[in-house]
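Structure first, commentary second.
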Amino acid sequence: MNTIDFTAGVNPLGPSHKAKHEIRKLVRGIHILPSDPVRSLRRYLCLREGIGEDNIIFGNGSTHILDVLFQSLKPRTVLIPAPVSPRHNRVLREHGIEERRVGLDPGDDYSLDVTGLLGAAQDCDAVVLANPHDVTGSVIPPDDLAVIMEETERRGTTLIIDEAYIEFTGAFSPVKQAIGSSRVLIVRTFSTFHGLGGLRMGYAIGPAGLLATLSAHSKPYYSNALGPRAAVASLKDKGFRKRTLLYIEGEKAYVRDKLAGIGGVKCYVSPGNVLVVKVRGQHRALRDSFLRHHILIDEFVDEEGSPCIRFPVGTHKSNARFVRILKRIIE
Numbered sequence: 001m002n003t004i005d006f007t008a009g010v011n012p013l014g015p016s017h018k019a020k021h022e023i024r025k026l027v028r029g030i031h032i033l034p035s036d037p038v039r040s041l042r043r044y045l046c047l048r049e050g051i052g053e054d055n056i057i058f059g060n061g062s063t064h065i066l067d068v069l070f071q072s073l074k075p076r077t078v079l080i081p082a083p084v085s086p087r088h089n090r091v092l093r094e095h096g097i098e099e100r101r102v103g104l105d106p107g108d109d110y111s112l113d114v115t116g117l118l119g120a121a122q123d124c125d126a127v128v129l130a131n132p133h134d135v136t137g138s139v140i141p142p143d144d145l146a147v148i149m150e151e152t153e154r155r156g157t158t159l160i161i162d163e164a165y166i167e168f169t170g171a172f173s174p175v176k177q178a179i180g181s182s183r184v185l186i187v188r189t190f191s192t193f194h195g196l197g198g199l200r201m202g203y204a205i206g207p208a209g210l211l212a213t214l215s216a217h218s219k220p221y222y223s224n225a226l227g228p229r230a231a232v233a234s235l236k237d238k239g240f241r242k243r244t245l246l247y248i249e250g251e252k253a254y255v256r257d258k259l260a261g262i263g264g265v266k267c268y269v270s271p272g273n274v275l276v277v278k279v280r281g282q283h284r285a286l287r288d289s290f291l292r293h294h295i296l297i298d299e300f301v302d303e304e305g306s307p308c309i310r311f312p313v314g315t316h317k318s319n320a321r322f323v324r325i326l327k328r329i330i331e
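Anchor point for the sequence shown: position 53 equals 53 in UniProt numbering, and the numbering is continuous, going up by one each time.
Dropping the structure here:
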């Protein structure tokens with residue numbers, strides 16, 4: 001039996017057909033060494049976002065950019081909303097950074113308490129905000145985000161906004177504010193919504209001075225010839241975006257309705273591709289229980305001590321299997 005992986009959160013529809021077509025075309029010239037493979041992608045993103053070429057850098061995915069950032073700036077303490085994703089936890093740990101946490105409010109759909117965050121951030125070197133949150137899927141309202149950016153800028157605190165899942169939502173991205181700041185960095189990836197994880201493409205948008213510092217303290221980024229062109233094709237494929245968002249909404253409704261019939265389960269539905277499934281009671285080994293049924297999940301424990309499953313929408317067949325197995329485990 002094949003194992004289903006619900007830990008990644010990538011587009012269940014896979015890459016754009018236009019991106020795959022572009023890759024097939026490029027394979028014919030794969031023997032040619034590219035001189036500047038990210039040129040077309042850089043130009044497209046700069047035009048789309050209304051930024052200069054000195055306001056963007058590229059890397060092998062968003063995690064690589066976080067690595068470069070922490071290697072360059074060497075923050076000692078970083079504040080991050082909890083629950084913290086394994087990816088962020090691992091990066092912070094690998095760089096020996098002290099991780100401080102401020103909890104999201106499960107009683108208010110895992111919203112962020114801005115006052116609490118700013119209070120906890122007073123003696124931190126940096127703040128990492130996933131928007132949407134990469135565990136709960138919750139989104140920070142634009143007004144709250146503006147307050148956080150203004151205050152961290154005033155204090156000289158580096159603010160990293162990880163937008164790995166933003167394209168699954170209609171959430172606001174503060175690009176103009178970031179490039180006009182001194183220490184705000186927006187990090188994005190083509191691995192999740194665009195389904196191009198095998199090509200390892202990510203980028204960061206921010207003030208030219210900060211990006212120059214990152215570039216000066218890191219090895220030059222060398223891309224392959226396929227990734228940037230596939231990324232441009234995917235970005236231009238409006239039908240792909242529409243199909244993805246319609247599919248995600250339909251599957252979220254399906255999973256929510258099915259879980260409503262299982263006693264002891266509460267489902268939090270986010271604006272994006274992630275649901276939080278709270279299991280009341282003493283089900284302490286959910287990860288192991290699902291693994292016995294060849295399903296990989298990420299879980300965390302909420303403030304009430306109840307286990308919660310981070311559930312990114314998968315294929316319909318995988319979603320249906322998840323619901324069946326959860327019901328079997330609980331009952």
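No residue lacks a Cβ here, since even glycine has one placed at the ideal position from N, Cα and C.
In this text the structure is predicted, and so the values were computed from the model without any measurement.
Under a three-way DSSP split, which group does arginine 183 fall into?
coil
Give the straight-line distance between the Cα atoms of glycine 52 and valine 274, rounded to the nearest whole angstrom.
33 Å
CB-CB under 8 Å to proline 174, same chain, minus the five flanking residues each way: which ones, in chain order?
Pro142, Leu145, Ala146, Met149, Ile161, Val184, Ile186
Use the C-beta contact count for threonine 3: other C-beta atoms within 10 angstroms, 16 or more gives buried, fewer gives exposed.
exposed
Between the Cα of arginine 292 and the Cα atoms of Phe322, Thr315, Tyr44, Pro271, which residue gives the shortest distance?
Phe322
Quick test of the definition: if touching needs 3 or more C-beta pairs under 8 Å, does the region 55-68 touch the region 96-108?
no
Can you check whether the CB of tyrosine 268 is closer than 8 Å to the CB of residue 383?
The displayed coordinates of the chain run from 1 to 331. Any statement about residue 383 would go beyond what the structure contains.
DSSP on serine 223, reduced to helix/strand/coil?
coil
Length of the line joining the Cα atoms of leucine 45 and leucine 226:
17 Å
Take proline 81 and list the residues in its own chain whose beta-carbon comes closer than 8 Å to its own, dropping the five residues that flank it on each side.
Arg101, Val102, Gly103, Leu104, Leu112, Leu117, Leu129, Ala130, His133
Let me confirm a value: threonine 192 is counted as buried when at least 16 other C-beta atoms fall within 10 Å, else exposed. Which label applies?
That one is buried.
For glutamate 163, the three-state DSSP class (helix, strand or coil)
coil
Shortest alpha-carbon distance to glutamate 331 belongs to which of Gly263, Leu214, Ala320?
Gly263
With a cut-off of 8 Å on the beta carbons, I'd call histidine 217 and asparagine 11 a contact; round off their distance for me.
Incorrect: roughly 33 Å between the Cβ atoms, too far for contact.
Check whether the region 206-216 and the region 175-182 touch, using three or more Cβ-Cβ pairs below 8 Å as the test.
yes
Hey, how far is the Cα of aspartate 95 from the Cα of aspartate 67?
According to the sequence displayed, residue 95 carries histidine and not aspartate. So the alpha carbons of these two residues sit roughly 8 Å apart.
Under the three-state reduction of DSSP, which class applies to cysteine 308: helix, strand or coil?
strand
Contact check, alanine 233 vs serine 16 under 8 Å by CB: the rounded distance?
The Cβ separation is near 6 Å, so the contact holds.
Going along the chain, which residues of its own chain have a beta-carbon closer than 8 Å to the beta-carbon of arginine 87, five neighbours each way excluded?
These residues qualify, in order along the chain: Thr63, Asp134.
Is valine 323 helix, strand or coil by DSSP?
helix
Residues bridged to alanine 126 [DSSP beta-bridge criterion]:
Val78, Thr158
Determine, using beta carbons only, whether valine 91 and phenylalanine 70 come nearer to each other than 8 Å.
yes
Delimiting residues of the beta strand (DSSP E) encompassing glutamate 98
It spans 98-103 - the beta strand (DSSP E) in which glutamate 98 sits, taken as one unbroken run.
Given isoleucine 23, which residues of its chain have a CB within under 7 Å of its CB, disregarding the five upstream and five downstream residues?
Leu226, Ala230
Can you give me the Cβ contacts of serine 318 inside the same chain, cut-off strictly under 8 Å, excluding the 5 residues immediately before and after it?
Ile4, Phe6, Pro12
Whole-number beta carbon distance between leucine 214 and serine 72, since they are thought to touch under 8 Å
5 Å
Closest to threonine 47 by C-alpha separation, out of Arg310, Lys236, Asp302, Thr244, would be which residue?
Looking at the sequence itself, residue 47 is leucine, so the reference to threonine does not match. The residue with the shortest Cα to Cα distance from leucine 47 is Lys236.
Using DSSP's beta-bridge definition, name the partner residues of glycine 198.
According to DSSP, glycine 198 bridges with nothing at all.
Can proline 280 and glutamate 299 be called in contact, C-beta distance under 8 Å?
According to the sequence displayed, residue 280 carries arginine and not proline. It is not a contact, given that the beta carbons lie outside the stated cut-off.
Using the three-state DSSP reduction, which class does aspartate 109 fall into: helix, strand or coil?
Note: aspartate 109 maps to coil in three-state DSSP.
To the nearest angstrom, how far is the alpha carbon of proline 34 from that of alanine 212?
23 Å
Return the residue from the list Ser223, Gly239, Arg310, Ile295 that minimises the CA-CA distance to isoleucine 30.
Ser223
How big is the Cα-Cα spacing for residue 340 and valine 27?
Lying before the first or after the last residue shown, residue 340 is absent from the chain, which here runs from 1 to 331.
What residue range is occupied by the uninterrupted alpha helix (DSSP H) comprising glycine 119?
114-120
Where the alpha helix (DSSP H) through isoleucine 248 begins and ends
238-259
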